[in-house]
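Since the structure comes first, as structure tokens, the remarks are kept for the end.
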Amino acid sequence: METLRVWIVLNIALSLIAVILLLNFLEVELPSVGSARYFLNPEPPRCMVNWQSEFTEWDDLDKCCLEARKQLQCTKEQRFIEGKEVNWHCQTGSGKVLTYWLNTKAYLYCQQQPVWG
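Below, the structure is given as structure tokens:
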């Protein structure tokens, strides 16, 4: 009885390995968990730039990602700016500095870019 269970577990494990190897051989690319979270999020990506309490929405998400990445830190901080939700705050220092506010979809997009590392 015990050997039958061992053979069943072994067959299932080998079958899973065979499926994974077959997918690899056929060069099937499965999305990562981060990509799936990005596509399942219904809200549009949003980037806002703050200079001395004046917020401006920035439509060029690639450049926003580059500039946000140049900052020393990005912290999760939920806020509503001009009626729009943002969840990530990227800045270098405090005082008279530019800060970047991104929503979760924009932040996940930025993390997938080569500049984010």
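Read left to right, the sequence shown gives residues 34 to 150 (the working numbering).
Glycine included, C-beta positions come from ideal geometry on N, C-alpha and C.
On the DSSP bridge assignment, give the partners of residue i in chain order.
i, result
"V82", "T89 and Y133"
"K103", "The partner list for K103 (beta bridge, DSSP) is empty, contrary to what the question assumes."
"R112", "V119"
"Q124", "Q106 and T132"
Please state if the CB of residue j and the CB of residue i are separated by a distance shorter than 8 Å.
i, j, result
"R70", "L135", "no"
"L141", "V82", "no"
"Q85", "Q106", "no"
"A139", "L94", "yes"
"C98", "Q146", "yes"
"T137", "N44", "no"
"Q104", "Y133", "yes"
Buried or exposed: where does residue i fall if 16 or more other Cβ atoms within 10 Å of its Cβ makes it buried?
i, result
"W121", "buried"
"A101", "buried"
"V119", "buried"
"T108", "exposed"
Practice problem: Decide if the segment 49-62 is in contact with the segment 112-119; the criterion is three or more beta carbon pairs, one per stretch, under 8 Å apart. | Solution: no
Quiz item: Along the chain, which unbroken stretches of the alpha helix (DSSP H) at least 4 residues long are found entirely within the segment 51-77?
Solution: 66-73
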